[in-house]
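Numbering (this note's numbering), first residue to last: 295 to 1308. Even for Gly, the Cβ is constructed at its ideal location relative to N, Cα and C. As the structure is a prediction and not an experimental result, all values here were calculated from the model. Accompanying notes for the structure given below.
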Amino acid sequence: MSTPTMQRDTPRKMRTGLEENTRDRSLSKRTPHKLQVRSRKPLEEDVPDEPTTPSPRPRRLRESEQRDMPEETRSQASGSAAGLAGKLKDTVGGVAQTGQDTVQQTTGLDLSVLKGLQVSEWGQVLGQDGNPLGRVVEGEPQDLVGYTIGDNGEILDDEGDLIGRVEALPGVVGETADQAKKTVENVADLSGLPVGDGGVIKDDTGEEVGKVVEGDAESLVGYKPNDKGEILDDEGDLVGRVEMAVKAPSVAGSVPKSQRSVGQKSILRSSRQEETGEQEQDLPDTKEAKSTTESDGEDELPPLSILEGLKCNKMGKIINPSTNKPVGELIEGDAKKLARLGSTLDDKGQFWDNRGNVIGRAQTLPHQEYNEEPPFAGLDGLHVVEDGWVEDNKGKRVGRIVDGEPKKVLGRPVDEDGEVTDQHGNIIAKAEYWEQPYEPEPETVDLSKLDGLTCNKLGFVMGPNGVPIARVVEGNPKELAGREIEDGQIWDGRKPVGRVELIPESEREKKPEGPFAGLENLVVNKEGFIEDAEGNIVGKVTEGDLKSLRGRTVDEDGDILDKFGNVKGHAEPYEPPEEEVEEEDLSILEGKTVNKAGNVVDAQGNVYGRITSGDKRLAGRKVDGKGQVWGDNGKVIGRAELVPGAEQEKPEGPFFGYDNAEVGKDGMVLAGGRIIGRVIEGDPKRLQGRRVDEDGDILDKNGNTIGRAERWEPEEKPRNINPMAGRKVLRDGEVRDVDGNLIGKLTSGNLGALIGKEIDDNGYVVDNDGNKLGECTLLENIPEEPEPEPEVQEEPGPSREELEEQKKAEDDRQLAKKMSAIIGQTLDRVRPICKMITEHIERAERTPKDELDEEKLVQNVKPLLEEGGQILQECNGAIRALDPDGRIAATAKARAASHEASPEEYALADMLKEMTDTVVSCIENGKKKIADMPHAKRQLNPLWALLSEPLFQIIAAVGLLLTGVLGLVGRLLEGLGLGPLVHRLLGGLGLDKLLDSLGLTSITDALGITGKKK
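Printed below as a string of structure tokens:
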């Protein structure tokens, strides 16, 4: 027989097994016979005279059949029935004496005590502790196994038909009363008694009076319960619970909690019905127990379902997380263990472990109002310190003044509500609770895995999988490369020179570089090899169909992808096998001699080989049949090789003998400051300063050909040196040769200032700085003075004005003659240059567009334009030197109005027309033909001004001196159809506006630019 407390501690597994047995029996039970509903017969008809109680099997009901009743109500019910049990002792004591008395006593009992229980084997009705409470009196017991008992002891089937009936066993009333007497004793009497071995508590006489019902009995030995039956540890935490020991088995512990009070009241009610009025007067406690039990039943606690999902704390309280207030308390189980496991309650107030066992129970608490806990509750010695902080008696900062002046309340105490009061109790400041913010401790990174590793020049520390796992964060990686790492630092002796850190996992490369890393634009060729952009074979296809993979790209992992990124094949690195080089037969070199150039020659000087190792000291030594050159000490001091046959027959290159040839400015190839060639392939600016080899190849530092040059030398300009060059002007303006012969005269300049000055190659009188001061003309270029005609006495001579006019006309003729000579010499030099420019452009125009090298055209034409511009500038300077002081130009306009053109002026105009025709036609044709050549057009169009600007400066200079000549030039140009071209060129250069601004509109009018011809 077990007590209610012992029943609670029964493991879940045992109860589950009983349930499964009951369930199995219920599934296998036979369909019972239906009974006829009839009135209840006296039990004495079915009860034998001396009934024998069979030995039942212990069995518990399923958890779902338990009734919820607060523990407090159950305890009060048991206490209230204590007086009743004493009064009923005599009444139920003689039940076993005669069957007749038993039947009469039992017949009056309320069978609701058996309601909800199930029929077990042999027709018995067992309580929760497995003790028999009743038996089947109607129906086949074996067919009724597993059926639940209803009202009045009736057993109904699924259709509601009566199939059996049960009754309470004799002696149940006595046991119930006796058990009620035992369990209603106060647990406060156990206060102060220590827990002994096995969890039992004994009184002074050694009699067992209590027992541990919650907690580990062995670990609680020596602890003493309080007046509530609770065992607390040194910290005040609930670690166990005790109850009064029950010596005799009890029916009260066998039935569900919700049925105990009901069953007891039913038994008492049946007993009172058969007692005499005299007995009723002797049992006043029975009425008191009844009223107490009924009043407690009415004061119901909240349902257990509100505890579902909640947890138990170490104090055994069930806390509502939304209000942080207790709504229940633990009545069975270890509070600390349940709190540590974090177990949650189900809707019946039970805690379960992961094995399906009930490890604790809880009950709800009555609704009550809780006052909110003050912010500083539990803290002692609170006072205000500097800066308005609040500290406790241990100096810990726990709050801060938020209302009031901190300086005025410095040192004052603070109560648990956070209020600071003065001596009269007035609140003068308010504090709020403050908690130091949590600062996570910095994680210490384990860098021991990097010990012994080294970093590379990029600052990465490579792991075992070939991917970086750390990087240098302090120090120069190039200087730290190869040094070992220790404790995350790189050391130079005892001095740390660098530091590394681990690369976070999220930033690390997941896999090492592929076999084709660093190679771009890899494609599959026809033979199944992998080629880079330069056609080098770097790999070979190992997986996939070669035909379908041709031309597809290969990534760095060797995967061959289609346009959607799908892998269609795979390739591996591959290097073409090196061809075995056969040893060259050098027997032909045997006996040959090394010359100073490092060549191996025979007696006739024919070259057969060359030295590949050694120095110039090998000259004169012999070579053996293996190409070795031996020293006097018997050691090989040099080696030779055969000169390839192609080199033997190869002629000398165009730059042979120019060892220091290099590319200079504007693509010219220079050697010793002299132009010996020009660049024909490559960018001249990028090639400037690079060496040119014998064959004209321009090489980079790796020996790759990046350009090409050809031999070219600028044509030597034929320079006509004036015979008077180097001579000096004499006192009378004459110039004489070494023999004293008169060869020229000063024709321009101030004679007084030019006496003794030297004459340059062009016949100009210059000072020491080369500045032109005047001009001397050869004697044969000076028109002979007409022989004086014999004076005719009869006719009067020309007047003074006529003579002056004749003299001016003669001056104009001489000026036109000089300018004609200058322009003629210029025309002879400019005409071939313009012709060469035209030929280069026409040749480029005839070249197919895909074969045209515009850069080469620019390189050919550009120096010619510069040279032509220089010639025209010299011509312009020579013309302007004819009137250095501007005297002639000042009177030219007045003379032109009444002046008839002389033959010399016609000749000058014709020369000027021809020069203009040559230059303007070259410019216009060149512009038209390069219009479809974008690069040449961009480079050459700005350079046409080198020809056009000095040309029209020459025209302007002539116009200043002989304005009438320009009228002739204009008419000649119109006749050739070049008038609009000259007009367009002058307008493009802005010379027309410039001449107008200078007041020289006569020039533009003469040329027909303004539409007014003179």
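Asked: Mind checking Ala1019: buried by the 16 CB within 10 Å criterion, or exposed?; Found: exposed
Asked: Which word fits Asp1226, buried or exposed, when buried means at least 16 other C-beta atoms lie within 10 angstroms of its C-beta?; Found: exposed
Asked: Answer with buried or exposed for Gly1220, where buried requires no fewer than 16 other C-beta atoms within 10 angstroms of its C-beta.; Found: buried
Asked: I need the DSSP call for Gly919, collapsed to helix, strand or coil.; Found: coil
Asked: DSSP three-state call for Gln1310: helix, strand or coil?; Found: Here the chain comprises residues numbered 295 to 1308, so residue 1310 is not present and cannot be evaluated.
Asked: Considering only heavy atoms of the ligand NAP, does any lie closer than 7 Å to the CB of Lys1156?; Found: Only the bare structure without any ligand can be found here, which leaves the ligand NAP out of the picture.
Asked: Are the segment 949-960 and the segment 914-933 in contact at 8 Å, needing three or more beta carbon pairs?; Found: no
Asked: Just the C-alpha distance for Lys611 and Gly636, rounded to the nearest angstrom, thanks.; Found: 13 Å
Asked: If you draw a straight line from the C-alpha of Gly932 to the C-alpha of Val957, how long is it?; Found: 35 Å
Asked: Report the start-end ranges of each beta strand (DSSP E) in the segment 990-1054 that is 3 residues or longer and not cut off at the edges.; Found: 991-993, 999-1005, 1028-1030 and 1036-1042
Asked: Could you tell me the distance, in whole angstroms, from the CA atom of Lys1207 to the CA atom of Val1213?; Found: 10 Å
Asked: Out of curiosity, what's the CA-to-CA distance linking Val419 and Lys522?; Found: 35 Å
Asked: Here's a check: name, in chain order, each residue in its chain whose Cβ is nearer than 6 Å to the Cβ of Gln1167, leaving out the five neighbours to either side.; Found: Pro1244
Asked: What distance in whole Å lies between the Cβ atoms of Pro1077 and Gln1108, which are believed to be in contact at a cut-off of 8 Å?; Found: 6 Å
Asked: Going straight from the alpha carbon of Leu1234 to that of Pro1008, what length do you get?; Found: 19 Å
Asked: For a quick check, are the C-beta atoms of Gly776 and Arg765 less than 8 Å apart?; Found: no
Asked: Could you check the C-alpha separation between Arg1021 and Val963 for me, to the nearest Å?; Found: 39 Å
Asked: Can you tell me the Cα-Cα spacing of Asp740 and Arg535, whole angstroms?; Found: 50 Å
Asked: Please list the terminal residues of the continuous alpha helix (DSSP H) segment that includes Asn954.; Found: It is not in any alpha helix (DSSP H) - Asn954 carries neither H nor E in the DSSP assignment.
Asked: Quick check: the Cα distance between Gly428 and Leu463, rounded to an integer number of angstroms?; Found: 5 Å
Asked: Suppose you measure from the CA of Ser1192 to the CA of Asp1106; what does that come to, to the nearest Å?; Found: In this prediction, Ser1192 scores a pLDDT of 47, lower than 50, which makes its location untrustworthy; the coordinate-derived value is nonetheless stated afterwards. Using only the alpha carbons, I get a separation of about 13 Å.
Asked: Can you tell me whether Thr1132 is helix, strand or coil according to DSSP?; Found: helix
Asked: Would a C-beta distance cut-off of 8 Å place Asp1061 and Lys1051 closer than the cut-off?; Found: yes
Asked: Taking contact to mean 3 or more Cβ pairs, one atom from each stretch, closer than 8 Å, check whether the segment 1039-1051 and the segment 985-1001 are in contact.; Found: no
Asked: Tell me, please, whether the segment 717-726 touches the segment 690-698 by the rule of three or more beta-carbon pairs shorter than 8 Å.; Found: yes
Asked: Thinking Leu840 and Thr847 are a contact (beta carbons under 8 Å), I'd like their distance in whole angstroms, please.; Found: The Cβ separation is near 15 Å, so there is no contact.
Asked: Would you kindly check if the distance between the Cβ of Leu1158 and the Cβ of Ala1138 is under 8 Å?; Found: no
Asked: Whose C-alpha, out of Ile974, Asp1026 and Leu981, is nearest the C-alpha of Glu1004?; Found: Ile974
Asked: Please determine, among Ile457, Gln412 and Gly454, the residue with the shortest C-alpha to C-alpha distance to Gly440.; Found: Gln412
Asked: Express the C-alpha separation of Glu778 and Met756 in angstroms, rounding to a whole number.; Found: 12 Å
Asked: Which word fits Val767, buried or exposed, when buried means at least 16 other C-beta atoms lie within 10 angstroms of its C-beta?; Found: exposed
Asked: Could you check which residue in Pro435, Gln436, Phe823 and Leu450 has the C-alpha nearest to that of Lys409?; Found: Leu450
Asked: Going by CA-CA distance only, name the one from Lys631, Val895 and Ile1217 that's closest to Lys1129.; Found: Ile1217
Asked: For Tyr517, which three-state DSSP category applies?; Found: coil
Asked: In terms of alpha-carbon separation, which member of Val1059, Asn750 and Gln922 lies closest to Gly908?; Found: Gln922
Asked: Could you check the C-alpha separation between Leu843 and Val818 for me, to the nearest Å?; Found: 7 Å
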